[in-house]
Amino acid sequence: MRLTFALVLTTLAIAAPAVAAPSPDYAAALADPKRPAEASALDDSRRPAETLAFLGLKPGMKAADIMTGSGYWAEIMADAVGPKGKVTAFEPNQFYTQPDEQLKWKALVARRPEVNWARYPFEAFSAPANSFDFTIINLSYHDLYWQSDKYGIPRTDPAAFVKTLYAATKPGGIVGIIDHVGGAGDTRAVVDKLHRIDPAVVKTDFAAAGFVLEAESPLLANPADDHMKLVFDPAVRGKTDRFLFRFRKPKG
Numbered sequence: 001m002r003l004t005f006a007l008v009l010t011t012l013a014i015a016a017p018a019v020a021a022p023s024p025d026y027a028a029a030l031a032d033p034k035r036p037a038e039a040s041a042l043d044d045s046r047r048p049a050e051t052l053a054f055l056g057l058k059p060g061m062k063a064a065d066i067m068t069g070s071g072y073w074a075e076i077m078a079d080a081v082g083p084k085g086k087v088t089a090f091e092p093n094q095f096y097t098q099p100d101e102q103l104k105w106k107a108l109v110a111r112r113p114e115v116n117w118a119r120y121p122f123e124a125f126s127a128p129a130n131s132f133d134f135t136i137i138n139l140s141y142h143d144l145y146w147q148s149d150k151y152g153i154p155r156t157d158p159a160a161f162v163k164t165l166y167a168a169t170k171p172g173g174i175v176g177i178i179d180h181v182g183g184a185g186d187t188r189a190v191v192d193k194l195h196r197i198d199p200a201v202v203k204t205d206f207a208a209a210g211f212v213l214e215a216e217s218p219l220l221a222n223p224a225d226d227h228m229k230l231v232f233d234p235a236v237r238g239k240t241d242r243f244l245f246r247f248r249k250p251k252g
């Protein structure tokens, strides 16, 4: 009798389907009343639910939003990872320096106390090793090839940045890159003129650091954009042709 019972338990264990990890409730995250109206207004062009689903953000993850800007992604991700996850939003010291900007930053931090808001020198990003399961960099990677006396941003080494990011990513971790498509040519010149970047440059930078390009998506593509206009030009602002890459740090 005991043997039969044991065999039944074994059979049930084998037959039982694996319990799937919970899926993020993106609809709830987007409907969060704490989100400001100006953030919600960007949802149609940024397609956050589809983007994060493609990239693979899951509840419980330790996630980073580098060059967070207005905190758009950090706020959505904070809801998506849930109470067992954690989001760190990084913003360069060179931004949010004017009094009115500082007030906006303080309001953002106060609105989302569950997010770890971190400041760093633009040219010297740092984070502890093996910190993050997931990182997103939205429309900002190209700025690593940009320098500005106005904003106090010196010439930055993109290779050093990606190397640091690789070390900060857990084995098997994901990095999602979204940016404005730029043409071939001198990367720094293209960035300085148009704030765009050749997707091939990003692929090369991440491969050199050890990341694997796992997938790319046309989700944010716009074939009507000829890649020749500054991204702030009213004709294309908010509707540039954008690439979406999912990189992964190998587990081995």
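Numbering (our numbering), first residue to last: 1 to 252. Yeah, the Cβ is synthetic: ideal placement off N, Cα and C, and Gly gets one too. This one's a predicted model, so the numbers in the text were calculated from it and none came from an experiment.
Expressed to the nearest angstrom, what Euclidean distance is found between the alpha-carbon atoms of Asp79 and Ile197? Straight through space, the alpha carbons of Ile197 and Asp79 are spaced by roughly 31 angstroms.
Opening and closing residue of the alpha helix (DSSP H) in which Ser23 lies: Careful: Ser23 lies outside any alpha helix (DSSP H) and carries neither H nor E.
Limits of the beta strand (DSSP E) - the one that Val214 falls within: The amino acid at residue 214 is misidentified as Val; the sequence shows Glu. Under the DSSP assignment, Glu214 falls in the beta strand (DSSP E) whose first and last residues are 212 to 217.
What are the partner residues of Ile66, as DSSP defines its beta bridges? DSSP lists Phe90 as partners of Ile66.
Whole-angstrom C-beta distance between Arg246 and Gly176, which should lie under 8 angstroms: So it is a contact: roughly 6 angstroms between Cβ atoms.
Since Gly152 and Leu108 are thought to touch, with beta carbons under 8 angstroms apart, how far apart are those beta carbons, to the nearest angstrom? About 21 angstroms separates the two Cβ atoms, so there is no contact after all.
Go through its chain and collect everything with a Cβ distance to Val201's Cβ below 7 angstroms, but skip five positions before and after it. Excluding positions up to five away in sequence, the list reads Thr187.
Beta-bridge partners of Phe247, as assigned by DSSP: Answer by DSSP bridge pairing, in chain order: Val175, Leu213.
Is it the case that the Cβ atoms of Phe95 and Ile66 are separated by a distance below 7 angstroms? Not a contact, by the Cβ cut-off of 7 angstroms.
For a quick check, are the C-beta atoms of Lys58 and Lys86 less than 7 angstroms apart? No.
Look up Thr135 in the DSSP assignment and give the residues it is bridged to. For Thr135, the pairing in a beta bridge is given by DSSP as Ala64, Val175.
Backbone secondary structure at His256 - three-state DSSP: Given that the chain is displayed from residue 1 to residue 252, the structure contains no residue 256 and the question cannot be resolved.
Do the CB positions of Pro171 and Asp205 come within less than 7 angstroms of each other? Their beta carbons are not under 7 angstroms apart, which means Pro171 does not touch Asp205 by this criterion.
Check each candidate in Gly182, Gly183, Phe243, His195 and name the one with the smallest Cα separation from Phe54. For the residues Gly182, Gly183, Phe243, His195, the minimum Cα distance to Phe54 belongs to Phe243.
So Leu42 packs on Tyr26, CB below 8 angstroms; how close in whole Å? Contact between Leu42 and Tyr26 is ruled out by a C-beta separation of about 15 angstroms, above the 8 angstroms threshold.
To the nearest angstrom, how far is it from the Cα of Pro250 to the Cα of Val212? If you take the alpha carbons of Pro250 and Val212, they lie about 7 angstroms apart.
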